[in-house]
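Everything in the sequence shown is counted per this note's numbering, starting at 4 for the first residue and increasing by one.
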Amino acid sequence: MRLSRYFLPVLKENPAEAQIVSHRLMLRAGMIKQSAAGIYSWLPLGLKVLKNIENIIHDEQEKAGHLAILMPTIQSADLWRESGRYEDYGEEMLRFKDRHDRDMLFTPTAEELITDIFRGHVNSYKDLPLTMYQIQWKFRDERRPRFGVMRGREFYMKDGYNFDLTKEDALHAYNRHLVSYLRSYERMGLQAIPMRADSGPIGGEDTHEFLVLAETGESEVFYDKAVTELKFGDRDIDFNNIQQCQSIMEEFTDKYARTDETHDEVAFEKVPEERRQVARGIEVGQIFYFGTKYSEAMGAMVQDSEGQTVPVHMGSHGIGVSRLVGAIIEASHDDKGIIWPEGVTPYHCGIINLKQGDEEADSACESLYQRLGAAGLEPLYDDRKERAGGKFATMDLIGLPWRITVGPRGLKNGVVELTNRRTGESDEMSPEAAIKKLVEQYS
Ligand code: P5A
4 MRLSRYFLPV LKENPAEAQI VSHRLMLRAG MIKQSAAGIY SWLPLGLKVL
54 KNIENIIHDE QEKAGHLAIL MPTIQSADLW RESGRYEDYG EEMLRFKDRH
104 DRDMLFTPTA EELITDIFRG HVNSYKDLPL TMYQIQWKFR DERRPRFGVM
154 RGREFYMKDG YNFDLTKEDA LHAYNRHLVS YLRSYERMGL QAIPMRADSG
204 PIGGEDTHEF LVLAETGESE VFYDKAVTEL KFGDRDIDFN NIQQCQSIME
254 EFTDKYARTD ETHDEVAFEK VPEERRQVAR GIEVGQIFYF GTKYSEAMGA
304 MVQDSEGQTV PVHMGSHGIG VSRLVGAIIE ASHDDKGIIW PEGVTPYHCG
354 IINLKQGDEE ADSACESLYQ RLGAAGLEPL YDDRKERAGG KFATMDLIGL
404 PWRITVGPRG LKNGVVELTN RRTGESDEMS PEAAIKKLVE QYS
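This is the structure we're talking about:
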């Protein structure tokens, strides 16, 4: 992408309405624009990051054997009356009527709708296990939408639902999701710690939230420091292997780590004092096992191998996709701007032409741009006729992990400068060497 043809409405000043750094930087970097309280348009740069996160989630869900679907954002109230949640959901649910005076709503979550799909088509244990998920917009009329995309009213969520014959099978689905979520967050450059939580309006007893530690987080969390030392890393996973998924689940959840809703001071005091931590965290996901709550209420039954009709065991699993964009920035920025982890960066590197209009500099940049593209990378080329200082400030603000700086002086010696956004380290090298290094970096 050439910056001269891009839509990147950066702001020089800090917007007054933004109280936390991610909100401030998303507005300043021209990623989003508010259209109403808690409702945002995603501009080109923001959308690119959102899609990268979405792609990682799709990829990991597919690896775990889960099937992507897409359900509507608008639902009929009838299904929610069947489950009993139409009244329970309260003012957070956006309700309206269609022209025939039928009660409709904008989906805050989709347990009812997926259960309806299931009961209409599945009636034998032979079709189980089944896990389907979607990545779709949700609406919750939050009392206090704030912090930009962190607590929106309209937000993008991955929501998945498992259907299993037995509690044991459903608990395997729970563990499988925990593993696939740990992998997904790690690919986004984030450490998200599973913590025992409260199930709220979704219901059920088994539930973990995934929290990214950050001072600006909305949840107070209590944990044994040992949980921050666990890394998922490069493990070979067989998602069908019940034992393997269970032992990873235990490894990541057996230490004390709870949100304030489930915090137990007596149990916490058993953690050695030097490891006891109280901090704040951003909830970027939650998994639930709620048994037969919805299947019984809505008649989602199958025949088991003995011909008995039984309700299926279910769980649901969510990731806050749009919230993650903010969470990643909270976890990765400095005073100049965002620092994107390589897994989600909107462009792989920036190219800065120090002297736009200089024949040699222009053609060196052009050639770099073409060759990076041919090598499968997406560069963002700042080809505007601007001063170098302004170009550097914009690049630092939008946070691409790598920058190649091209100027007539370096070119005389056959070199360009490759700079790492996180460390600030710069090295001079030939354009070929810079391309090679970047290709290696992203492979
Ligand atoms: C699980 C999927 C559910 O709704 N039903 C389907 C279950 N879980 S949840 O915890 O309520 O939401 C899942 C994740 O969505 C994000 N989230 C939000 N993001 C931005 N703004 C909001 N107002 C908001 N509310 C929830 C969180 O990351 C949450 O973990």
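Cβ atoms here follow ideal geometry from the backbone N, Cα and C, with glycine treated the same way.
Remark: the C-beta of G87 is outside contact range of the ligand P5A, defined as less than 7 Å to any heavy atom.
Its chain contains A378 as the residues whose beta carbon lies nearer than 6 Å to that of V442, once the 5 sequence neighbours on both sides are disregarded; these appear in chain order. Within a 10 Å sphere around the beta-carbon of L73 sit fewer than 16 other beta-carbons, which makes this residue exposed.
Distance between S38 and P12, taken at the CA atoms: about 15 Å. Rounded to the nearest angstrom, the gap between the Cα atoms of G413 and E420 is 8 Å. As the crow flies, the alpha-carbon of G192 is around 25 Å from that of T408.
Going by C-alpha positions, L327 is about 44 Å away from K415. For R88, the closest of P148, M4, G203, F255 by C-alpha to C-alpha distance is G203.
For R283, the enclosing beta strand (DSSP E) starts and ends at 279 to 294. In the three-state reduction of the DSSP assignment, W83 falls in the helix class, which pools H, G and I. Checking the 7 Å criterion, the Cβ of Q289 is within range of a heavy atom belonging to the ligand P5A. Beta-carbon to beta-carbon, P404 and W343 are separated by about 6 Å, close enough to satisfy the 8 Å threshold.
Shown here for F150: same chain residues with a beta carbon closer than 6 Å to its own, the five before and five after excluded, namely I23, H26 in chain order. Counting only residues of its own chain and dropping the five nearest sequence neighbours on each side, E157 has a CB closer than 8 Å to the CB of G41, I42, Y43, W140, K141, F142. The ligand P5A never approaches M135 closely enough for any of its heavy atoms to be under 7 Å from the residue's Cβ.
The Cβ-Cβ distance between V418 and S433 falls below 8 Å.
Looking at the DSSP output, V419 sits in a beta bridge with M432. Taking 7 Å as the cut-off, the C-beta of I205 counts as close to a heavy atom of the ligand P5A. The three-state reading of DSSP puts D104 in coil, since its state is none of H, G, I, E or B. Annotation for M304: T312, P314 place their beta carbon closer than 6 Å to its own, counting only its chain and skipping 5 residues before and after.
Shortest gap from the CB of T256 to any heavy atom of the ligand P5A: 7 Å or more. Excluding residues up to 5 positions away in sequence, A32, L48, G340, I341 lie with their Cβ nearer than 7 Å to the Cβ of I401 in the same chain. Only residues of its own chain outside the window of five on either side were considered, and among them T210, H211, E212, T262, E264, T265, Q289 have a CB closer than 7 Å to the CB of A200, listed in chain order. Comparing alpha carbon positions, the residue from T110, K161, D144, M153 closest to T134 is K161. Look at K358 here: in three-state DSSP terms it is coil, with no helix or strand label.
Under DSSP, G353 shares a beta bridge with L383, R406.
Non-local beta-carbon contacts of Y128 in its own chain, meaning distances under 7 Å to residues more than five positions away in sequence, involve L168, V305, Q306, D307, S308 in chain order. The three-state reading of DSSP puts A39 in strand, counting E and B together.
Straight-line measurement puts the Cα of H61 at about 19 Å from the Cα of F166. The C-beta distance from R147 to E223 rounds to 17 Å, too long to fall under 8 Å, and the pair is not in contact.
By the CB criterion at 8 Å, G410 and L357 fall inside the cutoff.
The criterion of a C-beta distance shorter than 8 Å is not satisfied by L30 and Y384.
Uninterrupted alpha helix (DSSP H) stretches at least 4 residues long and entirely within the stretch 106 to 130 occur at 114 to 124, given in chain order. When only Cα atoms are considered, M252 and E362 end up about 59 Å apart.
Exclusion of the five residues before and after K51 leaves P349, Y350 as the residues of its chain whose Cβ lies within less than 8 Å of its Cβ.
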